[in-house]
Amino acid sequence: MQSDPAKIGPEDPRLSVRLGPLRLRNPILTASGTFGYVREMAGIVDLSRLGGVVPKTITLQPRIGNPPPRIVETPSGMLNSIGLDNDGLEHFLQVHLPYLRTVPTQVIVNIAGKTADEFAVMAERLAEANASEGGLAGLELNLSCPNVAGGVDFAVDPTLTAAVVRQVRKVWPGPLLAKLTPNVHSILPAAQAAVEAGADILSLVNTFLGMAVDWRRRVPVLGNVTGGLSGPAIKPMVLRLVYQAAGRFSVPIIAIGGITTIDDVMEFLVAGASAVQVGTANFFDPTVSMKLVAQLPQALDVLGACSVSEIINSIRRP
Ligand SMILES: Cc1cc2nc3c(=O)[nH]c(=O)nc-3n(C[C@H](O)[C@H](O)[C@H](O)COP(=O)(O)O)c2cc1C
78 MQSDPAKIGP EDPRLSVRLG PLRLRNPILT ASGTFGYVRE MAGIVDLSRL
128 GGVVPKTITL QPRIGNPPPR IVETPSGMLN SIGLDNDGLE HFLQVHLPYL
178 RTVPTQVIVN IAGKTADEFA VMAERLAEAN ASEGGLAGLE LNLSCPNVAG
228 GVDFAVDPTL TAAVVRQVRK VWPGPLLAKL TPNVHSILPA AQAAVEAGAD
278 ILSLVNTFLG MAVDWRRRVP VLGNVTGGLS GPAIKPMVLR LVYQAAGRFS
328 VPIIAIGGIT TIDDVMEFLV AGASAVQVGT ANFFDPTVSM KLVAQLPQAL
378 DVLGACSVSE IINSIRRP
């Protein structure tokens with residue numbers, strides 16, 4: 078996989094991180110579904126400051142998503158039931174990828190399939206496009222989407238998780254990220270399945286299932302009834318998952334859950350994440366990811382640390 082200097086430099090050597098085969102100029106990325114297809118944000122955010130970006134999930138065919146309302150604000154967070162609204166793989170290849178090749182940061186494409194085969198078909202097309210013209214630093218599998226055969230999300234079942242990752246691994250040669258769901262009793266079996274099937278990096282996590290009720294009208298608020306909870310409300314739960322996974326596996330972890338402040342970033346790095354993705358916070362401050370990058374050196378100074386790498390998973394475990 079190419080390491081385009083325009084996408085990983087100029088480097089402040091203190092901030093750069095290496096997650097297995099993936100190199101980032103710093104550990105701050107933006108999360109899928111919260112940063113559009115990047116173009117929408119380019120006028121507000123200096124992309125050359127970010128470690129990387131993850132565009133909204135793409136599916137093989139276009140999807141219109143779930144009925145409205147699709148978003149509800151909650152205390153310290155939000156519920157969404159967008160339902161993977163997107164224009165499909167061909168549109169991505171024709172319209173978004175040519176633009177994404179030009180952005181001055183690492184781009185990790187995020188895909189969802191209805192079956193393991195569908196994931197593999199998409200991964201193969203993206204690998205071909207990348208082999209000829211580049212532009213993608215990694216592939217993130219959104220495993221928090223329903224498997225049509227059984228109805229459950231892929232990452233709820235370690236066997237399904239392994240099947241998707243194994244099939245994609247055969248056709249995608251670059252960095253491979255498995256994005257898991259927190260909606261399980263323990264995240265460790267799916268994490269283990271993903272790692273054994275060939276994932277290079279674990280992205281932890283997608284949203285937590287929840288719902289909102291309009292008691293006056295006695296109806297669910299969301300058109301889809303249930304939705305995914307995100308934002309600061311979920312951070313302590315995600316910290317636990319990252320800490321657990323980092324204690325069990327040596328594969329690098331990207332933490333995703335409520336990250337808003339530099340303290341959040343530092344907590345996740347110390348607890349075991351090698352990088353973080355900023356999601357919901359983009360909705361109330363689209364420039365938050367840039368601000369976090371700018372604040373990192375000072376936070377390292379507080380710990381007397383020479384680099385981000387040196388603080389990753391440095392928590393004292395009892
Ligand atoms: C409106 C919205 C849309 C999202 N869409 C996607 C998506 O298309 N694919 C995906 O993998 N995650 C999606 N997510 C989940 C986020 O990428 C992230 O995993 C989650 O929101 C937790 O991070 P946060 O608390 O920082 O938002 C979405 C989240 C929100 C709030």
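For reference, each letter of the sequence shown is one residue, going 78 to 395 in the working numbering. Note that CB positions come from ideal geometry on N, CA and C, so glycine has one too.
Segment limits, beta strand (DSSP E) that includes residue i
i    : result
V355 : 352-355
V94  : 94-96
R100 : 99-101
N187 : 183-188
N457 : Missing from the structure shown is residue 457; the chain here goes from 78 to 395 and no further.
Euclidean distance between Cα positions of residue i and residue j
i    : j    : result
A350 : K368 : 19 Å
T284 : D230 : 12 Å
M118 : P98  : 27 Å
D234 : A267 : 7 Å
V353 : W292 : 37 Å
T364 : V122 : 6 Å
N207 : A358 : 30 Å
V370 : L127 : 7 Å
A189 : G251 : 17 Å
E150 : N219 : 23 Å
R325 : H173 : 37 Å
P223 : A193 : 11 Å
R243 : G275 : 6 Å
L316 : D341 : 9 Å
I159 : R147 : 5 Å
L161 : R102 : 29 Å
A232 : S280 : 12 Å
P145 : P374 : 42 Å
F345 : R178 : 29 Å
L356 : G154 : A small correction: the amino acid at residue 356 is Gly; Leu does not occupy that position in the sequence shown. Distance between the alpha carbons of G356 and G154: 11 Å.
F196 : N163 : 16 Å
V290 : L156 : 12 Å
DSSP three-state assignment for residue i, whether helix, strand or coil
i    : result
P297 : strand
K256 : strand
G304 : strand
A200 : helix
E217 : strand
F231 : helix
S384 : coil
L127 : coil
L137 : coil
N207 : helix
P223 : strand
R116 : helix
E309 : Per the sequence presented here, residue 309 reads as Pro, with Glu not at that position. In the structure shown, P309 sits in a helix (DSSP, three-state: H, G or I).
D89  : coil
Start and end residues, alpha helix (DSSP H) containing residue i
i    : result
K368 : 365-380
I339 : 339-348
R246 : 235-248
A358 : 358-361
L170 : No alpha helix (DSSP H) holds L170; DSSP gives it neither H nor E.
I85  : 82-85
V149 : Careful: V149 lies outside any alpha helix (DSSP H), inside the beta strand (DSSP E) at 148-151.
R273 : Note on identity: in this sequence residue 273 is Glu, with Arg being the wrong assignment. Counting along the chain, the alpha helix (DSSP H) containing E273 begins and ends at 265-273.
Y320 : 312-325
Beta bridge counterpart(s) of residue i as assigned by DSSP
i    : result
G287 : G304
I331 : S280, A352
I105 : V353
P132 : Looking at the DSSP assignment, P132 forms no beta bridge with any residue, so it has no partner.
N163 : R140
**Item:** the stretch 317-332 in contact with the stretch 290-307 per 3-pair CB rule at 8 Å
**Value:** no
**Message:** Quick check: the stretch 127-137 against the stretch 108-116, are at least 3 beta-carbon pairs closer than 8 Å?
**Reply:** yes
**Message:** Assess contact between the stretch 383-392 and the stretch 137-152, defined as three or more Cβ pairs (one per stretch) separated by less than 8 Å. Is contact present?
**Reply:** no
**Item:** Contact the stretch 175-185 vs the stretch 209-219: 3+ CB pairs below 8 Å
**Value:** yes
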